[in-house]
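K.L.:
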Amino acid sequence: MNDFSALAASRRSVRAYLDKPVSAEDLRAILDDAASAPSWSNTRAFRVAIAQGEQAQRLRKDYVERFDKTLDIQHHKAMAGAKAALRGDLPDGDFPVWKPYPSELRPAQVEVAKLLYGAYGVERSDHAGRDAANRRNVTAFDAPVMGFVFVHEKMLPWSAMDAGLMLQTLFLSAKSRGIDSCAIGILSTWRAPVEAEFEIPEHYKLITGFALGYRDPQAPINPMAAPRPAIELLPSKN
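Numbering of the sequence shown is given in UniProt numbering, commencing with residue 1 and proceeding in unit increments.
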């Protein structure tokens, strides 16, 4: 295995972090590496916001409050959406997050959910335990760095493609420095917390969040590894 293959294989989504800051020098170097990712016509139609320290704590608090106000919706209780709308508690994200998975993709989602909740020690019937596990997502697992990625709505889907290329480059750069990561799509369910903290240009939509930090080696969740099936090539017609 060559050095790059080893690096790529070593990067896993980490869901528990040490209380250890990422240095400004490392963060700057990681962002510089991420700038090397390819982009459609070199438009680089994405933006990144980074929160640390007290700013990250404010964001965690806001996200948890909004998450808890939507628990009835998440539990599919009758009239929950209508009641949340009357209270003004509906998610305000730019893209729909809570929607069914396509049938051919659902088995993979179920498989990784079983692995995750199993690592947390949460049974399927334990709604409070599942809520607690999911609440960890909206705190970015208490990682020292919370990141947010925005894409230009008028360049979709290419801006989303570019953002993905950038984010994987960022994650691999971080891993090369011993810094772990996790993409956190659920953070895009709500936009208002990030609006309150950052100047976001017009036409830029929040597509995902992410965490950066140092893996907690004692956390039971971190050894969990999702399967990595081989890339499927489409068969030729000839």
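Where is the CB? At the ideal position from N, CA and C, for every residue including glycine.
Would you please state the rounded distance, in angstroms, between the beta carbons of G209 and F150? I believe it to be under 8 Å.
P.N.:
For the purposes of this step, residue 209 is taken as the residue at position 209 of the sequence shown. For the purposes of this step, residue 150 is taken as the residue at position 150 of the sequence shown. The Cβ separation is near 11 Å, so there is no contact.
K.L.:
What number of angstroms, rounded off, separates the C-alpha of W98 from the C-alpha of K83?
P.N.:
Counted from its first residue, the sequence shown places residue 98 at position 98. Counted from its first residue, the sequence shown places residue 83 at position 83. For W98 and K83, the distance between alpha carbons rounds to 17 Å.
K.L.:
Rounding to the nearest angstrom, what Cα-Cα distance links D32 and A174 in this structure?
P.N.:
For the purposes of this step, residue 32 is identified with residue 32 of the sequence shown, where counting begins at 1. For the purposes of this step, residue 174 is identified with residue 174 of the sequence shown, where counting begins at 1. Computed Cα separation, rounded: 11 Å.
K.L.:
For E232 and L86, I'd like the C-alpha separation in whole angstroms.
P.N.:
The sequence position of residue 232 within the sequence shown is 232, counting from 1. The sequence position of residue 86 within the sequence shown is 86, counting from 1. Taking the straight line joining both Cα atoms gives about 46 Å.
K.L.:
So, does the region 159-169 touch the region 199-217, judging by three or more C-beta pairs under 8 Å?
P.N.:
Verdict: yes, contact present.
K.L.:
Taking V22 and P144 to be in contact with their CB atoms under 8 Å, please state how far apart those CB atoms are, rounded to whole angstroms.
P.N.:
Indexing the sequence shown from 1 puts residue 22 at position 22. Indexing the sequence shown from 1 puts residue 144 at position 144. Rounded, the Cβ-Cβ distance is 6 Å, consistent with contact.
K.L.:
Starting from the N-terminal side, write out each stretch of the beta strand (DSSP E) that is 3 residues or longer and does not extend beyond the region 33-119.
P.N.:
If we require 3 residues or more, the beta strand (DSSP E) runs fully inside the region 33-119 come out as 46-52.
K.L.:
Helix, strand or coil for residue 257 per DSSP?
P.N.:
Since the first residue shown for the chain is 1 and the last is 238, residue 257 is missing from the structure and cannot be characterised.
K.L.:
Considering only residues of the same chain and omitting the five flanking positions on each side of L71, which have a CB-CB separation below 7 Å?
P.N.:
Walking along the sequence shown from the start, residue 71 turns up at place 71. Excluding sequence neighbours, L71 sits near D131.
K.L.:
Buried or exposed: where does G178 fall if 16 or more other Cβ atoms within 10 Å of its Cβ makes it buried?
P.N.:
Translated into positions along the sequence shown, residue 178 becomes position 178. G178 comes out exposed.
K.L.:
So which of L170, H203, I221, R60 has the shortest CA-CA distance to A45?
P.N.:
In the sequence shown, residue 45 corresponds to position 45, counting from 1. The shortest C-alpha separation from A45 is found at H203.
K.L.:
Return yes when the Cβ of L90 is within less than 8 Å of the Cβ of A226, no when it is not.
P.N.:
If you number the sequence shown from 1, residue 226 lands on position 226. If you number the sequence shown from 1, residue 90 lands on position 90. It is not a contact, given that the beta carbons lie outside the stated cut-off.
K.L.:
Enumerate, from N- to C-terminal direction, the unbroken alpha helix (DSSP H) stretches of 4 or more residues contained entirely within the region 129-204.
P.N.:
Here the runs fully enclosed are 158-176, 192-195.
K.L.:
At the level of alpha carbons, what is the spacing between F198 and L234?
P.N.:
For the purposes of this step, residue 198 is taken as the residue at position 198 of the sequence shown. For the purposes of this step, residue 234 is taken as the residue at position 234 of the sequence shown. Going by the C-alpha atoms only, they are around 42 Å apart.
K.L.:
How should P107 be labelled, buried or exposed, when 16 other C-beta atoms within 10 angstroms of its C-beta is the threshold for buried?
P.N.:
Working through the sequence shown from its first residue, we reach residue 107 at position 107. Result: exposed.
K.L.:
Is the Cβ-Cβ distance between V194 and A49 less than 8 Å?
P.N.:
Mapped onto the sequence shown, residue 194 falls at position 194. Mapped onto the sequence shown, residue 49 falls at position 49. Taking 8 Å as the Cβ cut-off, V194 and A49 qualify as a contacting pair.
K.L.:
Can you check which of these residues, L170, K237, G53, G88, is closest to R11 by C-alpha distance?
P.N.:
In the sequence shown, the residue the question calls residue 11 occupies position 11. Comparing Cα positions, the closest option is L170.
K.L.:
Would you report the Cα separation of H75 and K237, rounded to the nearest angstrom?
P.N.:
For the purposes of this step, residue 75 is identified with residue 75 of the sequence shown, where counting begins at 1. For the purposes of this step, residue 237 is identified with residue 237 of the sequence shown, where counting begins at 1. Looking at the two C-alpha atoms, the distance is approximately 45 Å.
K.L.:
Helix, strand or coil: which one does DSSP assign to R215?
P.N.:
Sequence index remark: in the sequence shown, residue 215 carries index 215 (1-based). Three-state result, R215: strand.
K.L.:
Can you tell me the Cβ-Cβ gap for W190 and G53, rounded? I've got them flagged as a contact below 8 Å.
P.N.:
Indexing the sequence shown from 1 puts residue 190 at position 190. Indexing the sequence shown from 1 puts residue 53 at position 53. Actually they are not in contact, since the Cβ atoms of W190 and G53 sit about 21 Å apart, beyond 8 Å.
K.L.:
What's the gap between the Cα of V14 and the Cα of L212?
P.N.:
As a working note, residue 14 is residue 14 in the sequence shown. As a working note, residue 212 is residue 212 in the sequence shown. Approximately 9 Å, taken between the alpha carbons.
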